[in-house]
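> Have a look at this one before I ask anything.
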Amino acid sequence: MSFEGYRQTKLGDSLVSALEELMQQGRLDPEQAMVFLTEFDKSIAEKLETECKLKGMINGDLHTYRHYDDVYYIFAKDVTFSFNLPFQDRESVYVDKLKCMIQKAPEEDS
145 MSFEGYRQTK
155 LGDSLVSALE
165 ELMQQGRLDP
175 EQAMVFLTEF
185 DKSIAEKLET
195 ECKLKGMING
205 DLHTYRHYDD
215 VYYIFAKDVT
225 FSFNLPFQDR
235 ESVYVDKLKC
245 MIQKAPEEDS
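Residue numbers for the sequence shown follow this note's numbering, beginning at 145 and rising by one.
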């Protein structure tokens with residue numbers, strides 16, 4: 145089972161919208177749309193694991209922390225993100241509020 149949280153990104157929203165439009169036009173079955181979404185989830189997770197080398201640090205005031213069924217929610221205020229970008233100096237970004245959802249990586253099938 146892959147993580148479906150990537151569907152809530154702009155790219156995922158666009159894919160879902162396109163698939164819904166194709167289903168409304170009768171050019172795609174719901175089962176086929178689910179295959180597309182499942183492959184999207186797997187592909188995004190795989191690319192992030194193998195190709196994303198960005199490391200960073202988050203500093204801020206923790207407001208709320210929740211954990212349920214290997215899903216973690218963090219709500220913070222006055223947050224600064226610091227990233228080590230390849231071939232560049234450290235980059236920092238400030239936000240007033242942060243809502244972060246983190247899920248434990250699914251176990252690979254053997």
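Beta carbons are placed, not taken as given, at the ideal position from N, Cα and C, and that holds for glycine.
Taking the CB atoms as reference points, tell me whether glycine 204 and alanine 220 lie closer together than 7 angstroms.
yes
> Does chain D have any CB closer than 7 angstroms to the CB of tyrosine 217?
Note that chain D does not occur in the displayed structure, where there is just one protein chain.
> Going by DSSP, name the residue or residues bridged to valine 208.
A quick correction: the sequence has threonine, not valine, at residue 208. Answer is Phe219, bridged to threonine 208.
> Please classify lysine 186: does DSSP put it in a helix, a strand, or coil?
helix
> Based on the DSSP secondary-structure assignment, which residues constitute the bridge partners of valine 179?
Answer is none; valine 179 lacks a bridge partner.
> Cα separation between proline 230 and threonine 224?
19 angstroms
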